[in-house]
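Asks:
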Amino acid sequence: MQRALGDAVRSRHVANVPEGPDAERVVRELARQGEQLIFTTSFGYMESVLRVARDYPGTRFEQCSGYKLAANVGAYNGRFYQGRYLAGMVAGHMSLQGRPKGEFPPGGTARSAQGVESVLQGRPKGEFPPGGTARSAQGVESSRRGVAGMVASFPIPEVIQGINAFTLGMRAVNPEARMKVVWANTWYDPGREADAARALIAQGAEVLTHHTNSPAAVQVAQEEGRWAVGYCSDEAQFGPRAQLTAVTLHWGDFYVGTVREALAGRWKPDNVWGGMGQGFVRLAPFLPAVPEAVRRQVLARQRDIAQGRFQPFSGRILDNRGGVMLDGGAMSDAQIQAMNRYVMGVDGELPRA
């Protein structure tokens, strides 16, 4: 943004701001100091932003992944589920293929029942996050069907969309694929996220992904000889031989356009939900181990999504109890944004938010 707009703007940022009182304090201080347009970049900041916005009506706010608007508060988000579907296709292929002998990341081995049990040694009973259980031989056997594991934050629609889209993408190439979910109940806690990732491996996950804000799941995949799909940014540096690809988010064009509107006096609060067609969501480069034929198939589907020819939530979709979620056609944005059920292929019960 600074490069694009030059001297027309002055920008600053505050990093590592916890949600809750600290977030409100930081946002309030920025407004008090006269900042004219404030971007807040986590769902958990939403209520803090709304409280501050009431006290500073002349300041404009843009809240990432929020859904509540005000006279001076807009919201923006990415259609992450589009990238999740594509990543699921990659995961579905690679979990079927398995790791060729000798290609486990450093420290990873062909996980037999004994290998999974060794991961669990020394972990006090009951310390797995909610939904995680110690599954040894049975878990390893299940990985041969194609099993992915998601380290999830909180059961809000955005996260549920990602779980479901990833599962649908996997099952598009392997109808027997399964998704297991462990709820870490945090946006950022690397230790807890790593514990959740290990619990998923114990349940047989061959591919790990996450909807949290640290790369812990990718790091665990690297250490334990599993594939991984990164999230938010390219996390290959944390799993250079594990990350198959990543669902990456790109806000630069939106920031530049929003600031230009503000400078021209045309800014209005809106709820912007952009996807691959708008450049908000992209896939990171593929790991060399991903076969060329798989890449071509995934990139062709990516073009279909970007050009509006395919919607991940379309056709006949059943929930994981056999109920009908969609009986043809494509889900509306309102249906997607209210998503509150797991699709067929996701194991377990969805906790209440």
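Taking the working numbering, I'd label the letters of the sequence shown as residues 842 to 1194.
Cβ coordinates follow ideal geometry from the N, Cα and C atoms, glycine included.
1. Measure the CB-CB distance between Leu1041 and Val1000 and report whether it falls below 9 Å.
2. Can you look up Gly1010 in the DSSP assignment and give me helix, strand or coil?
3. Taking Arg873 as the reference, which of Gly899, Asp863, Phe884 and Val914 has the closest Cα?
4. Taking only the alpha-carbon atoms, compute the straight-line gap between Ala1037 and Trp1024 and give it to the nearest angstrom.
5. Can you look up Met991 in the DSSP assignment and give me helix, strand or coil?
6. For a test of the three-state rule: what should DSSP assign to Asn1112, helix, strand or coil?
7. Under the three-state reduction of DSSP, which class applies to Ala856: helix, strand or coil?
8. Using a Cβ-Cβ cutoff of less than 6 Å, which residues in the same chain neighbour Gly915 once the five nearest sequence positions on both sides are dropped?
9. Which residue wins for smallest C-alpha separation from Trp1092, given the options Gln1084, Leu1104, Val1113 and Asn1181?
10. What residue range is occupied by the uninterrupted alpha helix (DSSP H) comprising Phe828?
11. For Asn1015, count the other beta carbons within 10 Å of its own beta carbon; 16 or more makes it buried, fewer makes it exposed. Which is it?
12. Within 10 Å of its beta-carbon, does His934 have 16 or more other beta-carbons around it, so buried, or fewer, so exposed?
13. The alpha helix (DSSP H) that contains Ile1158, what's its start and end?
14. At a cut of 8 Å, does the stretch 869–884 reach the stretch 1063–1081 through at least three beta carbon pairs?
15. Is it right to say Ala1083 is buried, meaning 16 or more other beta carbons lie within 10 angstroms of its own, or is it exposed?
16. Span of the beta strand (DSSP E) holding Ala912?
17. Look at the alpha carbon of Val1139 and the alpha carbon of Gly1010, and state the distance between them as a whole number of angstroms.
18. Check the C-beta distance from Ala1105 over to Gly1071 and give it rounded, since I have them as a contact under 8 Å.
19. Mind checking whether Met1117 and Arg920 have CB atoms under 9 Å apart?
20. Ordered along the chain, which non-local residues of its own chain (more than five positions away) have a Cβ less than 6 Å from that of Met1172?
21. Among all the DSSP beta bridges, which residues are the ones paired with Ile879?
22. Count the other C-beta atoms from every protein chain shown that fall within 10 angstroms of the C-beta of Val1165, then say buried if there are 16 or more, exposed otherwise.
23. What residues are listed by DSSP as bridge partners for Gly1071?
24. Which value, in whole angstroms, describes the spacing of the CA atoms of Ala1018 and Leu1159?
25. Quick one: grab the DSSP three-state call for Met1180.
26. State yes or no: is the C-beta of Val988 within less than 9 Å of the C-beta of Glu1065?
27. Considering only the beta carbon of each residue, do Thr1086 and Phe1127 sit closer than 9 Å?
28. For the beta strand (DSSP E) holding Val890, just list the boundary residues, first then last.
29. According to DSSP, is Arg1162 part of a helix, a strand, or is it coil?
30. Beta carbon of Ser889, beta carbon of Glu865: below 9 Å?
31. Taking 9 Å as the CB-CB limit, is Arg1144 close to chain B?
32. Apply the 10 Å Cβ neighbour rule to Pro941 and answer buried if 16 or more other Cβ atoms are within range, or exposed otherwise.
33. Using only the alpha-carbon positions, how far apart do Arg1067 and Thr1053 sit?
34. For Tyr886 and Glu860, which I take to be in contact (beta-carbon distance under 8 Å), what is that distance rounded to the nearest angstrom?
35. Look at the alpha carbon of Pro862 and the alpha carbon of Ala1013, and state the distance between them as a whole number of angstroms.
36. Whose CA, out of Thr1099, Arg1137, Gly1156 and Arg1123, lies closest to the CA of Cys905?
Replies: In terms of the structure at hand:
1. Taking the sequence shown and counting its residues from 1, the one referred to as residue 1041 is at position 200. Taking the sequence shown and counting its residues from 1, the one referred to as residue 1000 is at position 159. Contact flag unset, no.
2. Reading the sequence shown from its first residue, position 169 is the one you call residue 1010. The three-state reading of DSSP puts Gly1010 in helix, counting H, G and I together.
3. Taking the sequence shown and counting its residues from 1, the one referred to as residue 873 is at position 32. Sorting Gly899, Asp863, Phe884 and Val914 by C-alpha distance to the C-alpha of Arg873 places Gly899 at the top.
4. Along the sequence shown, one-based indexing puts residue 1037 at 196. Along the sequence shown, one-based indexing puts residue 1024 at 183. Looking at the backbone, the Cα of Ala1037 and that of Trp1024 are separated by about 7 Å.
5. Locating residue 991 in the sequence shown gives position 150, counting from the first residue. Strand.
6. The sequence position of residue 1112 within the sequence shown is 271, counting from 1. In this structure, Asn1112 counts as strand in the three-state DSSP scheme.
7. The sequence position of residue 856 within the sequence shown is 15, counting from 1. In the structure shown, Ala856 falls within a coil segment according to DSSP collapsed to helix, strand and coil.
8. Reading the sequence shown from its first residue, position 74 is the one you call residue 915. Within the same chain, and ignoring the five residues on either side of Gly915 in sequence, the residues whose Cβ sits closer than 6 Å to its Cβ are Glu903, Pro1110 and Asp1111.
9. The residue labelled residue 1092 in the question sits at position 251 within the sequence shown. Ranking Gln1084, Leu1104, Val1113 and Asn1181 by CA distance to the CA of Trp1092 puts Val1113 first.
10. With the chain represented from 842 up to 1194, any question about residue 828 goes unanswered, as that position is not in the structure.
11. If you number the sequence shown from 1, residue 1015 lands on position 174. Answer is buried; the Cβ neighbour count reaches 16.
12. What you label residue 934 is simply residue 93 of the sequence shown in a count that begins at 1. In this structure His934 is buried. Its beta-carbon is surrounded by 16 or more other beta-carbon atoms within 10 angstroms.
13. Residue numbering aside, residue 1158 sits at position 317 when the sequence shown is read from its first letter. In the DSSP annotation of this structure, Ile1158 is not part of any alpha helix (DSSP H); the continuous beta strand (DSSP E) holding it starts and ends at Ser1155 to Leu1159.
14. Segment contact: the stretch 869–884 against the stretch 1063–1081, fewer than three CB-CB distances shorter than 8 Å; contact not assigned.
15. Your numbering for residue 1083 matches position 242 in the sequence shown. Under this definition Ala1083 is a buried residue.
16. Here the question's residue 912 lines up with position 71 in the sequence shown. Element bounds for Ala912: n/a, residue is neither H nor E.
17. For the purposes of this step, residue 1139 is identified with residue 298 of the sequence shown, where counting begins at 1. For the purposes of this step, residue 1010 is identified with residue 169 of the sequence shown, where counting begins at 1. Near 10 Å, if we compare the C-alpha coordinates of Gly1010 and Val1139.
18. For the purposes of this step, residue 1105 is taken as the residue at position 264 of the sequence shown. For the purposes of this step, residue 1071 is taken as the residue at position 230 of the sequence shown. In fact, because the Cβ distance is near 37 Å, the residues do not count as touching under 8 Å.
19. Position 276 of the sequence shown, counted from the first residue, corresponds to residue 1117. Position 79 of the sequence shown, counted from the first residue, corresponds to residue 920. Against a cut-off of 9 Å, the Cβ pair of Arg920 and Met1117 comes out as a contact.
20. For this step, residue 1172 is matched to residue 331 along the sequence shown. Here the set comprises Phe1154.
21. Here residue 879 refers to the residue found at position 38 when the sequence shown is read from its first residue. Paired residues: Phe902.
22. Walking along the sequence shown from the start, residue 1165 turns up at place 324. That one is exposed.
23. Residue mapping note: residue 1071 aligns to position 230 of the sequence shown, counting from 1. According to the DSSP secondary-structure assignment, Gly1071 is paired through a beta bridge with Ala1087.
24. In the sequence shown, counting from the first residue as 1, residue 1018 sits at position 177. In the sequence shown, counting from the first residue as 1, residue 1159 sits at position 318. Here the alpha carbons of Leu1159 and Ala1018 stand approximately 15 Å from one another.
25. Here residue 1180 refers to the residue found at position 339 when the sequence shown is read from its first residue. Collapsing the DSSP output to three states places Met1180 in coil.
26. As a working mapping, residue 988 is identified with position 147 in the sequence shown. As a working mapping, residue 1065 is identified with position 224 in the sequence shown. Judged by beta-carbon spacing, Glu1065 lies beyond the 9 Å limit of Val988, meaning their Cβ atoms are not closer than that value.
27. The sequence position of residue 1086 within the sequence shown is 245, counting from 1. The sequence position of residue 1127 within the sequence shown is 286, counting from 1. Taking 9 Å as the cut-off, the beta carbon of Thr1086 is found closer than this to the beta carbon of Phe1127.
28. Looking up residue 890 in the sequence shown gives position 49. Judged by DSSP secondary structure, Val890 falls outside any beta strand (DSSP E) and instead within the alpha helix (DSSP H) spanning Met887 to Asp896.
29. Locating residue 1162 in the sequence shown gives position 321, where the first residue counts as 1. The answer is coil: DSSP assigns Arg1162 none of H, G, I, E or B.
30. In the sequence shown, counting from the first residue as 1, residue 889 sits at position 48. In the sequence shown, counting from the first residue as 1, residue 865 sits at position 24. Yes. Within cutoff.
31. Looking for chain B here will not work: only one protein chain is present.
32. Working through the sequence shown from its first residue, we reach residue 941 at position 100. Confidence at Pro941 is low in this model, with a pLDDT of 39, below 50, so its placement is unreliable and no value can be given for it.
33. Numbered from its first residue, the sequence shown carries residue 1067 at position 226. Numbered from its first residue, the sequence shown carries residue 1053 at position 212. Whole-angstrom Cα-Cα distance: 18 Å.
34. Indexing the sequence shown from 1 puts residue 886 at position 45. Indexing the sequence shown from 1 puts residue 860 at position 19. Sure, about 6 Å apart at Cβ, within 8 Å.
35. Position 21 of the sequence shown, counted from the first residue, corresponds to residue 862. Position 172 of the sequence shown, counted from the first residue, corresponds to residue 1013. About 44 Å.
36. In the sequence shown, the residue the question calls residue 905 occupies position 64. Nearest C-alpha to Cys905: Thr1099.
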